[in-house]
Every structure is written in C-alpha cells, then in structure tokens.
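Q: In case it helps, mature numbering (1 follows the signal peptide of the UniProt record, and there is no 0) puts the sequence shown at residues -25 to -1, 1 to 113.
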Amino acid sequence: MRRRIVTIAAASAGTVLLATGPALAHECYIASRSWQGNLMSGTHSQAWYQVDLNEEFANDPSLTEADAQCLLTQRTANGVPLVFTIHVKGAVGQDGVLADNNPNSWLMADGKGVDHFFDVYGEALGASFAACGLEFQP
C-alpha cells in the first residue's frame, strides 16, 4: 500500500521526492495542522510536500478514468484525506527519522502532533483499492 501512494507522489514531485531519504518511508504528517497550514507548508517549504490525490490519480497512466474516480469516491467514503502534506526532508532524529525508536509507537497514530500517514490511513487505503477491484502492493 505504502509503495503505491509513495510512487504516485514521487512521479509528480520528481527529483524532490526521489532524494528525500528515510523520512519519506514513514510519511510523517502533522495531524493537528489546519488545511491552511498544510497548504502553506506544502507550497512554501522544501521540507514538506503537498499530495493531491485528485491530481495524482488523474495523471496516473496505470489507472483508467473509472478506476481513478472509484478510488476518489472510496477514499472519501473511508475517511482518507484527498489532499495532505507529508514531510520529505530534514527529519531530525535517529537515522533521519522522527521518533523511529520511540517505545510509544502508538503515538504515531493518535491524531495529535506528528503521525505516520499509513499507520492512520493504511487500512482505509487498502479497503479503497479492494472496493475498486484494484491490486495494491504494500
């Protein structure tokens, strides 16, 4: 699942996302940040990248128009945000990852502060692809 979204984001972000390092593997985002805060971070920062699944699916050559529409509908129904901002560089932590060795791993999906996108939305993403009859490879 993670690889598919990261691949889609990387295709549109080009070299910015290809050189992001370990932080991308964890898809860190600020759960409590406002829509406007995400927009500002995603468009005015080199450390954050705004992913718009509407655009990503429309431009993904492996998806038909019907597949893309189905995924957008299912993700909305499953509560997955269609626009979100992920941290792509400059993580200050062990091995470049924020809180990777934190024994309180449940904190990375509690809806407060820094969360991991796939820890929060991974099951919903898988359900969205399954509902559309699409294979999703983790």
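Glycine included, C-beta positions come from ideal geometry on N, C-alpha and C.
The structure presented is a predicted model; accordingly, all values stated were derived computationally and were not measured.
1. Using a threshold of 8 Å, is the CB atom of S37 nearer than that to any non-hydrogen atom of the ligand ZN?
2. Please list, in chain order, all residues of the same chain as W43 whose beta carbon is under 8 Å from its beta carbon, the five residues on each side excluded.
3. Measuring only the C-alpha atoms, how far is D94 from L46?
4. Grab me the residues of D27's own chain with a C-beta within less than 6 Å of its C-beta, minus the 5 sequence neighbours each way, in chain order.
5. Check this for me: beta carbons of I5 and S16, under 9 Å apart or not?
6. Check D85 in the structure and name its three-state DSSP category.
7. Could you please give me the residues that DSSP links to T60 through a beta bridge?
8. Please classify N13: is it buried, with 16 or more other beta-carbons within 10 angstroms of its beta-carbon, or exposed?
9. Skipping 5 residues on each side, what residues in its chain have a beta carbon closer than 7 Å to that of Q49?
10. Given this structure, state the Cα-to-Cα distance separating S7 from N29, to the nearest angstrom.
11. Nearest to S9 by alpha carbon, out of A52, P56, H91 and L109?
A: On the basis of the data shown:
1. This structure simply doesn't include the ligand ZN, nor any ligand for that matter.
2. This sequence places Ala at residue 43; Trp is not what is there. Answer for A43: F32, A33 and D35, listed in chain order.
3. 19 Å
4. V58
5. yes
6. coil
7. Q25
8. buried
9. S103, A106 and C107
10. 22 Å
11. P56
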